[in-house]
Every structure is written in C-alpha cells, then in structure tokens.
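**Q** Counting in the UniProt record's numbering, the sequence shown runs without a single skipped number right up to 272 at its last residue. Don't be surprised by glycine CBs; every beta carbon is placed ideally from N, CA and C. All figures in this text were calculated on a predicted structure; none of them were measured in a lab.
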Amino acid sequence: MRLGRGAKIALTAFATVVFTFIYVPILVVTLNSFNSDRTFGWPPPGFTTQWWNLALQAQGPRDALLVSVKAGLGATAIALVLGTLLALALSRFDFFGKHAISILVVLPIALPGIVTGIALQSVIQNLLTPVFGIGAGLFTIIVGHATFCIVLIFNNVTARLRRMGGSLEQASADLGARPFTTFRRVTFPLLRSSLLAGALLAFALSFDEIVVTTFTAGPDSQTLPIWIFNNLFRPNQAPVVNVVAVVLIIVSIVPVWLAQRLAGADAAESRI
1 MRLGRGAKIA LTAFATVVFT FIYVPILVVT LNSFNSDRTF GWPPPGFTTQ WWNLALQAQG
61 PRDALLVSVK AGLGATAIAL VLGTLLALAL SRFDFFGKHA ISILVVLPIA LPGIVTGIAL
121 QSVIQNLLTP VFGIGAGLFT IIVGHATFCI VLIFNNVTAR LRRMGGSLEQ ASADLGARPF
181 TTFRRVTFPL LRSSLLAGAL LAFALSFDEI VVTTFTAGPD SQTLPIWIFN NLFRPNQAPV
241 VNVVAVVLII VSIVPVWLAQ RLAGADAAES RI
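1. Would you call the segment 180-194 and the segment 21-39 in contact, with 3 or more CB pairs under 8 Å?
2. Rank 110, 146 and 129 by C-alpha distance to the C-alpha of residue 80 and give the top, closest one.
3. Counting only runs that start and end within the segment 170-233, where is the alpha helix (DSSP H) found for 4 or more residues in a row?
4. Look at the Cβ atom of residue 117, then the Cβ atom of residue 30, and state whether they are nearer than 8 Å.
5. Counting only the same chain and skipping the five closest in sequence on each side, list residues whose C-beta sits under 7 Å from that of residue 169.
6. Taking 8 Å as the threshold (C-beta atoms), are residue 244 and residue 55 in contact?
7. Grab me the residues of residue 166's own chain with a C-beta within less than 6 Å of its C-beta, minus the 5 sequence neighbours each way, in chain order.
8. Expressed to the nearest angstrom, what Euclidean distance is found between the alpha-carbon atoms of residue 33 and residue 59?
9. If residue 223 and residue 68 are in contact, beta carbons under 8 Å, what's the gap, nearest whole angstrom?
10. What whole-angstrom Cβ distance do residue 255 and residue 200 have, given they're in contact under 8 Å?
11. Rounding to the nearest angstrom, what Cα-Cα distance links residue 208 and residue 6 in this structure?
12. Near residue 142, which residues of its chain fall below 6 Å by C-beta distance, leaving aside the five closest residues on each side in sequence?
13. Work out the CA separation of residue 149 and residue 206 for me, nearest whole Å.
14. State the CB to CB distance for the pair residue 152 and residue 198, rounded to an integer number of angstroms; the pair is presumed to be in contact (CB under 8 Å).
15. In or out: residue 130 buried (at least 16 other Cβ within 10 Å) or exposed?
16. Any idea if residue 42 is buried or exposed, counting beta-carbon neighbours within 10 angstroms, 16 or more meaning buried?
17. How many Å lie between residue 163 and residue 65 at the Cα?
18. Out of curiosity, what's the CA-to-CA distance linking residue 110 and residue 195?
19. Beta-carbon separation of residue 158 and residue 100 under 8 Å?
20. DSSP state of residue 148, grouped into three classes?
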C-alpha cells in the first residue's frame, strides 16, 4: 500500500512530535547531569563532571544499584527456567486446560503494575511473614519481578518453537535419542539466541521497574528507581539524581538494543 504525499507528511509530523515528546526530556536530564549550575539554569552556564564524581562516591546510589542488579539477575534466572518449561509444555504437548494456562501465563504483563503490587503485598503480609517469617526484601522483589519477566521468556521461546517446528526433534527421537539428549543437542542450541534475547529484555524490565517494587521492597532493599523517586524532591540531591537517572537509562537501553539485534539475527537465520 502506497501513501499519498499528504499522508506521508502528516505521518512524519506526528512521529516527530511523539519522538520529541519522548526523547527531549531524556536529553535535558543528560545535559543537566553535566550542568555546573546546581539549580539547573538554562542554558547551562558551564559543564562539569563533579556530579558524576559525587554519584560514584555516594553510598546510597551504589547500594541501590547493587540491589537492582541482584533483583534483575534473580528474576531473569527464575524467568528463564519457568518461562522455557512453560513454553515447551504448551507448544509441544496437548492437554486439558492448555489455553487457559497460556492466558494465565501472559496475564501478569497485561495487569496494571499497581494491581500486581497490591496482590503481592497482601501475600507477603498475610502469608509469607506470619507463616514462613519472610518479610519484604530482596527475595520478594525478585519473586515480584519474575511474575512479569516470565512472560517475556515465554513469548520469545514460544515464537521460536513455532518457527522451528518439531521435525528436528522427531528426527532425533527416531534416531534413538532420549528426550533430555534431544533437548540438549537439538532444541537448546536452536533456542539459545531466543533465550538470550528474552533474558536481556527481562533484565531491562526488572532493572527499571518501580511500581511493583514499591509494594514488595523492604526498608533495606532499595532499588535504583526507588532511590531516584525518594530523592527526587530533595534540592541537595538533584544533581546526583540526574546522574543516577542517566545511568538507569543507559543500563536499560543497552540490553534492549542487544535483544533487538539478536531477535533480528534470529529472524534472518530462520528465513534462510
């Protein structure tokens, strides 16, 4: 379908407005992280790296960064195992309730974060803490993030399984290979790029999550987005907050970019 000249101009103008609305504030935050004026006078009277030095030396952002990395890695590890197993079960086997389970697996990514957060907080307060003695902390953050990270792994692996079909696995079984051998030598090598792309996306989503984290984090388990939110309205912390925000943006963008490259290479490979 070809677009007319007027439609192309309108579409280009609309896209320009949308991208400007999204990326100009990010650019302003980035520039302010080097702004020599603590009150962020505009245009900047000069540029400095002193705020970056302060952010690197401050204990709060460093501790929050460590918690975010631990939470992201933990949630990604759980999502890789459960998401892959669910994708294999729902793609390769037929059983009663298959479609219902598929909907339940994907549902957490569609639910508002505040609903998931309130539900998890209720479980922590009414079950985990009084029965098992597990309070809000790093463990509950990981579990909370894993609920929606599983969806990313599940979708990636399911899409890859549908593209590759089951002929290679059937051929392996016909040659006498056991199910685990078939998975190790045939299925897993074909899924590797999809698993890596899904893991990168899951880590990025977990790293910058704030809504669910607000309801599942304890006083000693502050992630980087929570630290930014808590210090956002403190004038003395404003320059450091800008630096931490830029770091958060970079750490979130890089995994998404790598996952996009892997997905593109995987799609091109499947067409060959």
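**A** The relevant details are as follows:
1. no
2. 146
3. 179-182, 188-207, 211-216 and 224-231
4. no
5. 182, 186 and 187
6. yes
7. none
8. 18 Å
9. 4 Å
10. 4 Å
11. 39 Å
12. 71, 74 and 75
13. 7 Å
14. 5 Å
15. exposed
16. exposed
17. 38 Å
18. 21 Å
19. no
20. helix
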